[in-house]
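In my numbering, the protein residues as written are 1 to 102.
See below:
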C-alpha cells in the first residue's frame, strides 16, 4: 500500500513529466505534433531571414526550436532544436536594447 506522501510524490512526478517535454521527446514527435506543440506551448522569441526561408525561434520547456518556413509555400519544412545558447548568436543583432539603456 502507498502512503499518502508517497502517492502525492508519484502524482507530482507524473504531472511534471506530462507538463515538461524533454528535447529528445520533441525530436521523436511526428511532424504534425511538433507543429502543434510549438504553436501551443512555445514562446516566440525572434525571427530572421535566410535565403528563401523565414526562421522563427521559439523557447519550449528549457530548449529552443527553430522552424524553417518556406516563403513560397508558407509551410514549415524543418525543425531544429538545441539547448546551447551559442546557437542564439544569429538572433542577437536583431534584439533592440537601446530603450533599456536610457
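Each residue gets a CB set at the ideal place from its N, CA and C atoms; glycine is no exception.
Fair warning: this is a prediction, and the values are worked out from it, not measured in the lab.
Around the beta carbon of residue 26, 16 or more other beta carbons lie within 10 angstroms, which makes this residue buried. Per the C-alpha coordinates, the member of 23, 3, 32 and 22 positioned closest to residue 76 is 32. The Cβ atoms of residue 65 and residue 81 lie closer than 8 Å to each other. In this structure, the beta-carbon distance from residue 38 to residue 60 falls below 8 Å.
DSSP, reduced to helix, strand and coil, places residue 96 outside both helices and strands of the structure shown, so it counts as coil. Non-local C-beta neighbours of residue 34 in its own chain, meaning closer than 6 Å and more than five positions away in sequence, comprise 79, ordered along the chain.
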